[in-house]
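Heads up: the structure comes next, in structure tokens.
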Ligand SMILES: [Zn+2]
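Residue numbers (the numbering used here), protein chains in the order written: chain F, 1 to 188; chain P, 189 to 604.
What follows is the structure, given as structure tokens:
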């Protein structure tokens, strides 16, 4: 067909029909088969698209922040209830026994293995670090435990009750992995 | 509170991946299967619903519950979502029970689902580990199997539980599933097979750990009056209990064992409880449910148990919390065959989570459906094989469990 009107007399809409901009990103499927008989559509295979999903989350440690500041200063902090005296190996500012307010205190560097495991798999973010050891650390007269990594030994070397000692990352990442444990050196 | 009955239940087959349908359609399959059991039920008679799904990350959809509600044609009736990690299904069932028990509803539908195949297994593990403290737990590995491995290492230390006893749970549950067409994994295994499987987190191997699934389940609960109109084989919900514990496993302090009626303090001299080897929330839930149902000696008064065996170790820990045996005797309980079909208390005759799969929001409701069919004596009808039917099953227990024992529900159901 030949347009009967000269181009100069066409409306702007006819020269540039409105349409959504076509982009190069995201297209994953071309020439999708489609039956002429619509009753066949229920037998169609599912269309499966990959949707990237990434966010930056601004996490606040809130009232627990001093714990992470402590790790950056090579101090492992617990809390103790100002009302009933219960000591917590993982800090909490409110006592779960009596509801009292807790105060910060420095935990001993040395504790003992309450229980342990070696992980050969993990969440995706930590797969590169496998295998790694997890331990729960216990201290005398501290009511609760502390979850951490144990480094520098084999599974066969780990046992419940063994003494471990806290170490700190030099370059703090401001997460709970800034502290880790090693087998306590023999005391002289 | 007035009596509440389960009158129908349905399950979609659990599978590693169901890309051919959305979660709405998966729930519709389960819902339609339930509706088929109560042909007299009209849409107008359904007063409302409760939705169960665990993770907004797996669905990548907020308010997914309402999308199911509208797909099922239940708008504008009341509905809400309940959420409590792995126990979401159990909590949903109990919330539907509350709706009917309180008199707010005559008929309430509990439906649940999860689509876990939408991410790879290790990303899925990461999502699940977001249900541990992201400040103090997650950055150390983001891995729940690691947490459960630490619990069982302590259980082994306290009580002498062995890895072979753990494996025995896997053998039993996978074997049972061979007769359950709804199960995801139907395997005949030996203890050696379980121990020879790849180690995931010592001492738990790939066959000690449940798998991720896509699936849905639905239960219909009704008042006594409506139940009588709808079915000739209603199942009464006679006991409901719920317990909680600290999010962080590290925060479990030591105290005294919470005793069941058939136990005495002398049984547990010197035992520090719960520590990380036992689930105080499970014991708490059991105490409430037994009291309400009038159960005083659980191993003698329960005909079967469907419990949350996300790990073989947690099944053994749970025998003890439920009082099927004393604390410390869980390993020998399974080893002696007491949890087998035909044993003292068959546990997970369906195959449990280990073999059926664990599409989180559906799991607790799946247990209710299997228990319902057991108590109706209709396992043969639904499974096409009556091997798993517990003879003369009158009273069953279902148990749903979250986190490191963070939310736990126990519900007792009885034939009438
Ligand atoms: Zn206090």
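For every residue, glycine included, the Cβ atom is placed at its ideal position computed from N, Cα and C.
Practice problem: Indicate whether residue 104 (chain F) and residue 62 (chain F) have their beta-carbon atoms separated by less than 9 Å. | Solution: no
Quiz item: Quick one, are the C-beta atoms of residue 340 (chain P) and residue 354 (chain P) less than 9 Å apart?
Solution: yes
Self-check item: Between the CA atoms of residue 106 (chain F) and residue 528 (chain P) - distance to the nearest angstrom
Solution: 50 Å
Practice problem: For residue 231 (chain P), go through chain F and note every residue whose CB falls closer than 8 Å to its CB, in chain order. | Solution: Within 8 Å Cβ-Cβ: nothing; residue 231 (chain P) doesn't reach chain F, min ~24 Å.
Quiz item: Which residue comes first and which comes last in the beta strand (DSSP E) that contains residue 418 (chain P)?
Solution: From DSSP, residue 418 (chain P) is part of no beta strand (DSSP E) but of the alpha helix (DSSP H) over 412 to 418.
Practice problem: Return no unless some Cβ of chain P is closer than 9 Å to the Cβ of residue 58 (chain F). | Solution: no
Quiz item: Exposed or buried, what is residue 47 (chain F) when buried is set at 16 or more other beta-carbons lying within 10 Å of its beta-carbon?
Solution: exposed
Practice problem: For residue 64 (chain F), return the contacting residues in chain P, with the cut-off set at a CB-CB distance below 9 Å. | Solution: 323 and 324
Quiz item: Where DSSP assigns a beta bridge to residue 270 (chain P), which residues make up the other side?
Solution: P:240
Practice problem: Rounded to whole angstroms, what's the CA-CA distance from residue 407 (chain P) to residue 219 (chain P)? Just pull it up for me. | Solution: 8 Å
Quiz prompt | Cross-chain neighbours of residue 331 (chain P) in chain F, by beta carbon under 8 Å | solution = 119, 121, 122, 123 and 126
Self-check item: Which of helix, strand or coil DSSP assigns to residue 133 (chain F)
Solution: strand
Quiz item: At which residues does the alpha helix (DSSP H) containing residue 381 (chain P) begin and terminate?
Solution: 379 to 384
Quiz item: Do the region 277 to 291 of chain P and the region 520 to 538 of chain P make contact, defined as three or more Cβ pairs closer than 8 Å?
Solution: no
Quiz item: Just to check, is the beta-carbon of residue 83 (chain F) closer than 8 Å to a non-hydrogen atom of ligand 1?
Solution: yes
Practice problem: Can you pull the chain P residues whose beta carbon is under 7 Å from the beta carbon of residue 79 (chain F), in chain order? | Solution: Ordered by position in chain P, no residue passes the 7 Å Cβ test against residue 79 (chain F), which lies about 12 Å from the chain.
Quiz item: For residue 254 (chain P), which of helix, strand or coil comes out of DSSP?
Solution: helix
Practice problem: Mark residue 136 (chain F) as exposed unless 16 or more other C-beta atoms lie within 10 angstroms of its C-beta, in which case mark it buried. | Solution: buried
Exercise. Please confirm if residue 255 (chain P) has its CB atom under 9 Å from at least one CB of chain F.
Key: no
Exercise. Using a Cβ-Cβ cut-off of less than 7 Å, give me the residues of the region 197 to 217 of chain P that come near chain F, in sequence order.
Key: 207 and 208
Quiz prompt | Contact residues within the region 159 to 177 of chain F, judged by C-beta distance below 8 Å to chain P | solution = 160, 175, 176 and 177
Quiz item: Quick one: is the Cβ of residue 99 (chain F) within less than 8 Å of any heavy atom of ligand 1?
Solution: yes
Quiz item: Nearest to residue 490 (chain P) by CA position, among P:518, P:517 and P:426, is which residue?
Solution: P:426
Quiz item: At least one CB of chain P closer than 9 Å to the CB of residue 194 (chain F): is that the case?
Solution: Coverage of chain F is limited to positions 1 through 188, which leaves residue 194 (chain F) absent and any answer about it impossible.
Self-check item: Distance between beta carbons of residue 357 (chain P) and residue 504 (chain P), contact taken as under 8 Å
Solution: 6 Å
Practice problem: To the nearest angstrom, report how far apart residue 144 (chain F) and residue 279 (chain P) are at their CA atoms. | Solution: 28 Å
Quiz item: Is the beta carbon of residue 144 (chain F) within less than 8 Å of some heavy atom of ligand 1?
Solution: no
Quiz item: Are the C-beta atoms of residue 104 (chain F) and some chain P residue less than 9 Å apart?
Solution: no
Practice problem: Hey, could you find the ends of the alpha helix (DSSP H) residue 51 (chain F) is sitting in? | Solution: First-last for residue 51 (chain F): undefined, no H or E at that position.
Self-check item: Buried versus exposed, by CB contacts within 10 Å (16 or more), residue 128 (chain F)
Solution: exposed
Quiz item: Leaving out five residues before and five after residue 471 (chain P) in sequence, what residues of the same chain have Cβ atoms less than 6 Å from its Cβ?
Solution: 446 and 509
Exercise. Pull up the distance between the alpha-carbon of residue 13 (chain F) and that of residue 19 (chain F), whole angstroms please.
Key: 10 Å
Quiz item: At least one CB of chain P closer than 9 Å to the CB of residue 82 (chain F): is that the case?
Solution: no
Quiz item: So with Cβ pairs under 9 Å, would you call residue 129 (chain F) a contact of chain P?
Solution: yes
Practice problem: Helix, strand or coil for residue 263 (chain P), going by three-state DSSP, please let me know. | Solution: coil
Quiz item: What residues of chain B sit near residue 334 (chain P), judged by a beta carbon separation below 8 Å?
Solution: The structure shown has no chain B; the protein chains it does contain are F and P.
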